[in-house]
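In the working numbering, the protein residues as written are 3 to 240.
Virtual Cβ for every residue (Gly too), placed ideally from N, Cα, C.
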């Protein structure tokens, strides 16, 4: 009977080794996942972290439950063994030594599990803080985007107003020029829109040809690059 109880303790010890390894692998995986990701995937990262946090809590609950069972079983086994030793003083000394060794191993395993449980608590708290931090960043980004949308809308309104003002100024200037032409203040060089269009087309062709010449000159004379660049910018403005 004593050997069977010792065998049971040994099986529980192996079971605990697997649970400890599972917990260590879980913590390692979480740390690896924490080193990956970025702001661009903050929401999906929060979702993954929440799922991992949920599983971590489940493992933690199972760990605490099993640890309590292990402690209870250990106490029961110890009490049974000592009762038998008291009733039967002829029990071999080596069995007593083996039993103490098994119990000592169990105590070590329990301490390891307590350490893992503490690390798990720290990891859970760290995950919660990271989730809160990422959510705060998302809120700030959303607030910034809302303000940016308002600012863009305001800029668009200003642009529309400036376009309208430019149109009115152009109309007023045209009316004034026509009034000056009517009163003989100056003579119109081009008396029709067709003539104006022809002159504009000739001007455009001259400007394009000049750009072409300057670009070729820039290739042949690199030392004049800055001067040629200023002339090209002036041509683009006009």
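query	result
Can you name the start and end residues of the alpha helix (DSSP H) that residue 213 belongs to?	195–222
Does DSSP put residue 177 in a helix, a strand or coil?	helix
Compute the Euclidean distance between the alpha carbons of residue 236 and residue 136, then round it to the nearest angstrom.	49 Å
When DSSP labels each residue in this structure, what does residue 189 get in the three-state scheme?	coil
Is the beta carbon of residue 115 less than 7 Å from the beta carbon of residue 51?	no
Do residue 230 and residue 220 count as a contact pair if the criterion is CB distance below 7 Å?	yes
Output needed for residue 113: all residues of its chain with C-beta closer than 8 Å, excluding positions within five of it in sequence on either side, in chain order.	none
Return the CA-CA distance between residue 178 and residue 172, expressed in angstroms with no decimal places.	10 Å
Just to confirm before moving on: does the CB-CB distance between residue 126 and residue 58 stay below 7 Å?	yes
Given this structure, state the Cα-to-Cα distance separating residue 165 from residue 238, to the nearest angstrom.	21 Å
Among the residues of its own chain, which have a CB less than 7 Å from the CB of residue 152, if the five just before and after it don't count?	none
Using only the alpha-carbon positions, how far apart do residue 134 and residue 144 sit?	15 Å
Do you know how far the Cα of residue 207 is from the Cα of residue 217?	15 Å
May I have the straight-line CA-CA distance separating residue 67 from residue 146, to the nearest angstrom?	47 Å
Is it true that the CB of residue 55 sits closer than 7 Å to the CB of residue 119?	no
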